[in-house]
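*Asks:*
Number of protein chains: 2
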Amino acid sequence: MDLGRLEANAERMAQKASRLGVALRPHVKTHKCVEIGRIQSGGTPGPITVSTLAEARGFAEAGFGDITYAVPLPLPYLPDAAELGRRIRLNLLLDDEATLAPLEAFAKAQRTRFRVFLKVDCGYHRAGVDPRSDGALTLARRLQASPGVEFLGILTHAGQSYACRSRQEAKAVAEQERSVMDQFARRLRQSGIPVGSVSVGSTPTCCAAEGWAGVTEIRPGNYVFFDAFQAAIGSCEAEDALAFSVLATVIGHYPGRNELLLNAGALALSKDPGPVHVDPHCGFGRLYTAEGLPLRHLRLSSLSQEHGLVQGLAVADYARLPVGSCLRVVPNHSCLAAACFDRYVVLKEGAVSEEWRRIGGW
Amino acid sequence: MDLGRLEANAERMAQKASRLGVALRPHVKTHKCVEIGRIQSGGTPGPITVSTLAEARGFAEAGFGDITYAVPLPLPYLPDAAELGRRIRLNLLLDDEATLAPLEAFAKAQRTRFRVFLKVDCGYHRAGVDPRSDGALTLARRLQASPGVEFLGILTHAGQSYACRSRQEAKAVAEQERSVMDQFARRLRQSGIPVGSVSVGSTPTCCAAEGWAGVTEIRPGNYVFFDAFQAAIGSCEAEDALAFSVLATVIGHYPGRNELLLNAGALALSKDPGPVHVDPHCGFGRLYTAEGLPLRHLRLSSLSQEHGLVQGLAVADYARLPVGSCLRVVPNHSCLAAACFDRYVVLKEGAVSEEWRRIGGW
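So the sequence lines, in the order shown, correspond to chains A and B. Mind the numbering: the first sequence is residues 28 to 389 in this note's numbering, read in order. Mind the numbering: the second sequence is residues 28 to 389 in this note's numbering, read in order.
#1: Starting from the N-terminal side, write out each stretch of the beta strand (DSSP E) that is 3 residues or longer and does not extend beyond the stretch 242-289 of chain A.
#2: Mind checking whether Leu117(A) and Ile94(A) have CB atoms under 8 Å apart?
#3: If Ser188(A) sits next to Pro231(A), beta carbons under 8 Å apart, how far is it from one beta carbon to the other, in whole angstroms?
#4: Can you give me the Cβ contacts of Asn359(B) inside the same chain, cut-off strictly under 8 Å, excluding the 5 residues immediately before and after it?
#5: Quick check: His304(A) and Ala134(A), are their CB atoms within less than 8 Å of each other?
#6: Indicate whether Leu130(B) and Gly175(B) have their beta-carbon atoms separated by less than 8 Å.
#7: Can you tell me which of Glu333(A), Gly283(A), Glu318(A) puts its alpha carbon nearest to the alpha carbon of Leu289(A)?
#8: What residues of chain A sit near Ser78(B), judged by a beta carbon separation below 7 Å?
#9: I need the straight-line Cα distance from Trp383(B) to Asp369(B), nearest angstrom please.
#10: Would you check if there are 3 or more beta carbon pairs closer than 8 Å linking the stretch 208-217 of chain B to the stretch 226-242 of chain B?
#11: Kindly say whether Lys135(B), judged by its beta-carbon, lies nearer than 8 Å to any beta-carbon of chain A.
#12: Helix, strand or coil: how does DSSP classify Ala346(A) here?
#13: In whole angstroms, give me the CA-to-CA distance for Gln67(A) and Ala83(A).
#14: Exposed or buried, which one is Leu340(A) when buried takes at least 16 other CB atoms within 10 Å?
#15: Let me see if you follow: with CB-CB separation under 8 Å, is Ala259(A) close to chain B or not?
#16: For Gln67(B), write down the residues that DSSP places opposite it in a beta bridge.
#17: With Ser380(A) as the anchor, note down where its beta strand (DSSP E) starts and where it stops.
#18: Can you pull the chain B residues whose beta carbon is under 8 Å from the beta carbon of Cys363(A), in chain order?
#19: Using a Cβ-Cβ cut-off of less than 8 Å, give me the residues of the stretch 114-136 of chain A that come near chain B, in sequence order.
#20: Please state the DSSP three-state secondary structure of Tyr371(A).
#21: Just the Cα atoms here: how many angstroms apart are Phe271(A) and Cys362(A)?
#22: I'd like to know if Ile220(A) contacts chain B, where contact means its C-beta is closer than 8 Å to some C-beta of that chain.
#23: Considering only the alpha carbon of each residue, which of Gly112(A), Asp306(A), Cys60(A), Thr183(A) lies closest to Pro158(A)?
#24: If I measure Cβ to Cβ from Leu274(B) and keep anything under 7 Å in the same chain, skipping five residues before and after, which residues do I get?
#25: With a CB to CB cut of under 6 Å and the five nearest residues on each side skipped, what residues in its chain are close to Ser329(B)?
#26: Going by C-alpha to C-alpha distance, which of Glu266(B), Asp344(B), Gln203(B), Gly319(B) sits closest to Glu286(B)?
#27: Tell me, please, whether the CB atom of Arg284(B) is closer than 8 Å to any CB atom in chain A?
#28: Counting C-beta neighbours from all protein chains within 10 Å, is the total for Pro106(B) 16 or more, i.e. buried, or is it exposed?
#29: Quick check on DSSP: helix, strand or coil for Asp161(A)?
#30: For my contact list, Ala41(A) and Leu51(A) are in at a C-beta cut-off of 8 Å; report their separation, rounded to the angstrom.
#31: Give the DSSP-derived three-state secondary structure of Ser226(B) in the structure shown.
#32: Given Arg32(B), which residues of its chain have a CB within under 8 Å of its CB, disregarding the five upstream and five downstream residues?
#33: In this structure, how does DSSP classify Pro72(A) when only helix, strand and coil are distinguished?
#34: With distance defined between alpha-carbon atoms, name the residue in Gly387(B), Leu127(B), Gly319(B), Ile115(B) nearest to Gln171(B).
#35: Output needed in chain order: residues of the stretch 348-359 of chain A with a Cβ under 7 Å from some Cβ in chain B.
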């Protein structure tokens, strides 16, 4: 993990949020590392977003006191969420009456309240209520009136932005994400339902957006590392924004088929297929020398558990990459590849400075 | 992890190996768990295959004393391999003169010897020497004559069997794997190079093979768990061979688009695309009720980091799978999905009996 690149990525997004008048609540699921979380909020623990209760607990222990758990709450986790919610501001997501009823019953029995966002579907069609539906209004009203709930506002994730092929396309999705949420907030307010937070965010839309009128906070995550996917769809403009890579060793030369073998496979890089909609031959990541020079004539064409097979597009440069030498893979999806490891090796100005722990599990 | 199913899978392969006169050296990369390794070798530590030195060290500590590290040796790992090789029989793989020279120099300097297999390409084209080439013979001769090397024999992995669509097709690949190795062993012996072990193995070929003439040992790994991929290509005949599953919680109902949402995504199941060559619509695993009844009308159609989206093929049965309930996913590739966890919950006759640790890292 290249500290200089990461700090620049963090600073760029923080400045954009500040300039456009929204709060930044980074999604730490990308890195799950408290040191990186602190960098993202300017050196001290700030508001964050997490994808697991394990992250929430780990960051809470490190002093982070305002955490949004951005997956619709799995009901078996209610007791753990309540326990953590007594120590910090833990903000939950809900999009279903079927979750609200047991949550209310639990809150009543335990004499507690849950801080809850209404999750909205702005076009991704993964989770969230349809903001044009009657049911969305009914559920918001139920949340607002529930004695077991502190209704925080509305939240969405424009995951459809990952289908974009350029920053221009992502800009249109960002505007869709913003306008859907702004209109839904107005609809709720017109119905007498106060809306505090209007929360949006995905890295492609947060990088491309030019304004967030009506939005109060953004929750990008991947922007702090970026990866081969984000580079291909234009979320980051320069290769020097790519802050996370996997160092692999060349373990074989096969000049007969113009291939090299690496000791990095699916368990070091994940099997994310990458930006195939932009480049069907993208392979499993971008390749660089250990020092960071691009190896554009090589493609990481297939992965098995612990092997990565590299194809030479021109003749592979075996002398430059002898057996036993190292090269860098910037993976397709840094959130998934980083999850293959339990710590980061931190590179500061090209030299290893320290190791930072990741929080795994659920 | 269903203990009864796992024990039956282990027993079936052990009996087949015994019946057909070959040693069984299971590849423990699938589970990386010493308790399971012991079951595979009949209750006591037996010869095993590993994919990382971390596995080798972990199993060595648990009493396994004959371990093949079945990835062409990354040169930076030479000192660690030498250290471990002083304590147990650690068998390395080599397919390249470029690795042999530094290995010999290291052996000489450290006054040690490395136990080495010559890795052979029997048609997978990932690693290994071409057994028809002059270079293969030259390298075998070099290994046999090297003072730093104890030449153990030849080893291959017919990974091309994963492209098979049926047990019938895998049988043909198994015969190819066997005959390539048998012929190469004869060629070496005719050239005056003694060949001890002739080692083959992949789960599809080991399940399909009907004879191993000329082979001394087999190294299947996945057969102890199986998965949706192996079931689709006919490696296991019955669904009750599927010993590994991920228990997930339903976190949303979306009847408008006939979908359910699970809290199991790419970090719990891996993004292995599965047997798309057999069923382009296979999705990311097979779905079952928590009790193990198949849910054939549902498809796990997409995964993000912590979400799994389930499509109803017929109308999804929401009453049977209420929000908060659990279901089981048998993943596409159990070796990759198991690596998402640090331990197994062991089910014995349907009840949780204990937890077994996995060995992660490299």
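Even glycine gets a Cβ: it sits at the ideal position worked out from N, Cα and C.
*Replies:* Working from what's here:
#1: 273-281, 286-289
#2: Locating residue 117(A) in the first sequence gives position 90, counting from the first residue. Locating residue 94(A) in the first sequence gives position 67, counting from the first residue. A contact, by the Cβ cut-off of 8 Å.
#3: The sequence position of residue 188(A) within the first sequence is 161, counting from 1. The sequence position of residue 231(A) within the first sequence is 204, counting from 1. Correct: roughly 4 Å between the Cβ atoms.
#4: For this step, residue 359(B) is matched to residue 332 along the second sequence. Around Asn359(B): Asp254, Ala255, Phe256, Leu296, Ser297, Asp299, Pro300, Gly301, Pro302, Cys309, Phe311, Gly312.
#5: Mapped onto the first sequence, residue 304(A) falls at position 277. Mapped onto the first sequence, residue 134(A) falls at position 107. Not a contact, by the Cβ cut-off of 8 Å.
#6: As a position in the second sequence, residue 130(B) is number 103, starting the count at 1. As a position in the second sequence, residue 175(B) is number 148, starting the count at 1. Cβ atoms of Leu130(B) and Gly175(B): closer than 8 Å.
#7: Locating residue 289(A) in the first sequence gives position 262, counting from the first residue. When each option's Cα is compared against that of Leu289(A), the closest is Glu333(A).
#8: For the purposes of this step, residue 78(B) is taken as residue 51 along the second sequence, with counting starting at 1. Ordered by position in chain A, the residues that pass the 7 Å Cβ test against Ser78(B) are Gln332, Glu333.
#9: Position 356 of the second sequence, counting from 1, holds the residue named residue 383(B). Position 342 of the second sequence, counting from 1, holds the residue named residue 369(B). Taking the straight line joining both Cα atoms gives about 9 Å.
#10: Touching, yes, given that three or more Cβ pairs across the two stretches are closer than 8 Å.
#11: To locate residue 135(B), count along the second sequence from 1; it is residue 108. No, no contact with chain A.
#12: Taking the first residue of the first sequence as 1, we reach residue 346(A) at position 319. Coil.
#13: For this step, residue 67(A) is matched to residue 40 along the first sequence. For this step, residue 83(A) is matched to residue 56 along the first sequence. Taking the straight line from one Cα to the other gives about 16 Å.
#14: For the purposes of this step, residue 340(A) is identified with residue 313 of the first sequence, where counting begins at 1. Exposed is the call here.
#15: Stepping through the first sequence from its first residue, residue 259(A) is reached at position 232. No, Ala259(A) lies away from the interface with chain B (no Cβ there is under 8 Å from its Cβ).
#16: In the second sequence, residue 67(B) corresponds to position 40, counting from 1. For Gln67(B), which the question treats as bridged, DSSP gives no partner whatsoever.
#17: Taking the first residue of the first sequence as 1, we reach residue 380(A) at position 353. Ser380(A) -> beta strand (DSSP E) spans 378-384.
#18: Residue numbering aside, residue 363(A) sits at position 336 when the first sequence is read from its first letter. Looking at the sequence itself, residue 363(A) is Leu, so the reference to Cys does not match. Going along chain B in sequence order, the residues near Leu363(A) (Cβ under 8 Å) are Ala293, Leu294, Lys298, Gln332.
#19: Asp122, Asp123, Ala125, Thr126, Pro129
#20: Residue numbering aside, residue 371(A) sits at position 344 when the first sequence is read from its first letter. DSSP places Tyr371(A) in strand when its eight states are reduced to three.
#21: Position 244 of the first sequence holds residue 271(A). Position 335 of the first sequence holds residue 362(A). Approximately 10 Å, taken between the alpha carbons.
#22: Looking up residue 220(A) in the first sequence gives position 193. For Ile220(A), no CB of chain B lies under 8 Å from its own CB, so it is not counted at the interface with that chain.
#23: Translated into positions along the first sequence, residue 158(A) becomes position 131. Nearest C-alpha to Pro158(A): Thr183(A).
#24: Mapped onto the second sequence, residue 274(B) falls at position 247. Shown here for Leu274(B): same chain residues with a beta carbon closer than 7 Å to its own, the five before and five after excluded, namely Ala317, Cys353, Arg355 in chain order.
#25: Reading the second sequence from its first residue, position 302 is the one you call residue 329(B). Only Leu336 meet the Cβ criterion.
#26: Walking along the second sequence from the start, residue 286(B) turns up at place 259. Checking every option, the nearest Cα to that of Glu286(B) belongs to Asp344(B).
#27: To locate residue 284(B), count along the second sequence from 1; it is residue 257. Taking Cβ atoms only, chain A reaches closer than 8 Å to Arg284(B), which makes this a yes.
#28: On the second sequence, residue 106(B) is found 79 positions in, with the first residue counted as 1. Label assigned to Pro106(B): exposed.
#29: Residue 161(A) sits at position 134 when you count from the first residue of the first sequence. Note: Asp161(A) maps to helix in three-state DSSP.
#30: For this step, residue 41(A) is matched to residue 14 along the first sequence. For this step, residue 51(A) is matched to residue 24 along the first sequence. Correct: roughly 6 Å between the Cβ atoms.
#31: What you label residue 226(B) is simply residue 199 of the second sequence in a count that begins at 1. Of the three classes helix, strand and coil, the one that applies to Ser226(B) here is strand, per DSSP.
#32: Start at 1 with the first residue of the second sequence, and residue 32(B) comes out as number 5. The answer, listed in chain order, is Asp267, Ala268, Leu269, Ala270.
#33: Position 45 of the first sequence, counted from the start, is the residue given in the question as residue 72(A). In this structure, Pro72(A) counts as coil in the three-state DSSP scheme.
#34: As a working note, residue 171(B) is residue 144 in the second sequence. Among Gly387(B), Leu127(B), Gly319(B), Ile115(B), the Cα nearest to that of Gln171(B) is on Leu127(B).
#35: Pro349, Val350, Gly351
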